[in-house]
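Residue numbers (my numbering): 28 to 262.
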């Protein structure tokens, strides 16, 4: 296993990952959150695909977005979700905390604490979260705010999966996520508890005025803005 990890570390460096992301990859693999099978597979893929950097990075991101039902069962949904978010470059804020957790090693270690930590807010700016990882939100019943900004791997299948948060989520920002379509944005109409919805820089949404109107009609108690335009609040 040590030799396998060493091989992966070299390939991560050669693939051009940022130093911070490389260190995080190493920490996660060494923590045994990823199975021996996955780590060994990573070494094989890394050594053969490092010359194809986009493919290798996409593969790494896919691995880090995988949902482990065993892990959710072991540590609880909030801890498992926090692990997913942090290993993909996002930040989390616990209920009762003032600051965001920015370091994977700052996550609580004691399994007995699983009932004490609940995610309140998520900042996914510049993160590599993918739709395949969104089932991690299931069972996280206290998330009030999420920011998706410059999430280049976010596709149109992601936002509909936020419906599991409709009872708690009241603030959502979707900014400069270039792959999201109008249909994906309109799926946010299911988030009936939203009070603030900020949309900005979504080039795949061509019919912006129509989308804004439909969102305002479906969410009468929400302040909705799209590229700074349109506000509707039912007082």
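Think of the CB as a built atom: it goes at the ideal place given N, C-alpha and C, for glycine as much as any other residue.
Consult DSSP for residue i and reduce its assignment to one of helix, strand or coil.
i, result
"residue 93", "coil"
"residue 75", "Residue placement at residue 75 cannot be trusted, given a pLDDT of 47 that sits under 50; the coordinates are not used to answer."
"residue 170", "coil"
"residue 226", "strand"
"residue 244", "helix"
"residue 238", "helix"
"residue 159", "helix"
"residue 84", "helix"
"residue 67", "Below a pLDDT of 50, predicted positions are generally treated as unreliable, and residue 67, at 43, falls in that range; the measurement from the model is reported next regardless. It is helical."
When we look at the beta-carbon of residue i and count the other beta-carbons within 10 Å, is it buried (16 or more) or exposed?
i, result
"residue 104", "buried"
"residue 166", "exposed"
"residue 123", "exposed"
"residue 120", "buried"
"residue 244", "exposed"
"residue 174", "buried"
"residue 214", "buried"
"residue 236", "exposed"
"residue 92", "buried"
"residue 137", "exposed"
"residue 126", "exposed"
By Cβ distance, which residues of its chain are closer than 6 Å to residue i, with the 5 residues on each side in sequence left out?
i, result
"residue 111", "160, 163"
"residue 226", "201, 253"
"residue 188", "161"
"residue 191", "164, 165"
"residue 224", "199, 249, 251"
Using a Cβ-Cβ cutoff of less than 7 Å, which residues in the same chain neighbour residue i once the five nearest sequence positions on both sides are dropped?
i, result
"residue 221", "196, 197, 199, 246, 249"
"residue 107", "98, 99, 163"
"residue 78", "Unreliable placement is indicated for residue 78, whose pLDDT of 47 sits below 50; the coordinate value is still reported in the next sentence. Once the five neighbours on either side are set aside, residue 78 has no close Cβ partner at all."
"residue 152", "174, 176, 177"
"residue 257", "239, 243, 251"
"residue 144", "105, 106, 121, 135"
Considering only DSSP beta bridges, list what residue i is partnered with.
i, result
"residue 152", "Note: residue 152 sits in no beta bridge, so no partner."
"residue 256", "253"
Excluding sequence positions up to five away, which residues of its chain have a Cβ less than 8 Å from the Cβ of residue i?
i, result
"residue 88", "115, 155, 157, 180"
"residue 241", "213, 216"
"residue 230", "205"
"residue 149", "112, 117, 118, 119, 120, 170, 172, 173, 174"
"residue 208", "183, 231, 232"
"residue 21", "As shown, the chain starts at 28 and ends at 262. That puts residue 21 outside it, with no answer to give."
"residue 219", "193, 246"
Cβ of residue i less than 9 Å from any chain B Cβ?
i, result
"residue 93", "Looking for chain B here will not work: only one protein chain is present."
Checklist entry - Taking the runs of the alpha helix (DSSP H) that are 4 residues or longer, which of them lie wholly in the region 166 to 219? => result 209 to 213
Checklist entry - Counting only runs that start and end within the region 100 to 148, where is the beta strand (DSSP E) found for 3 or more residues in a row? => result 118 to 121
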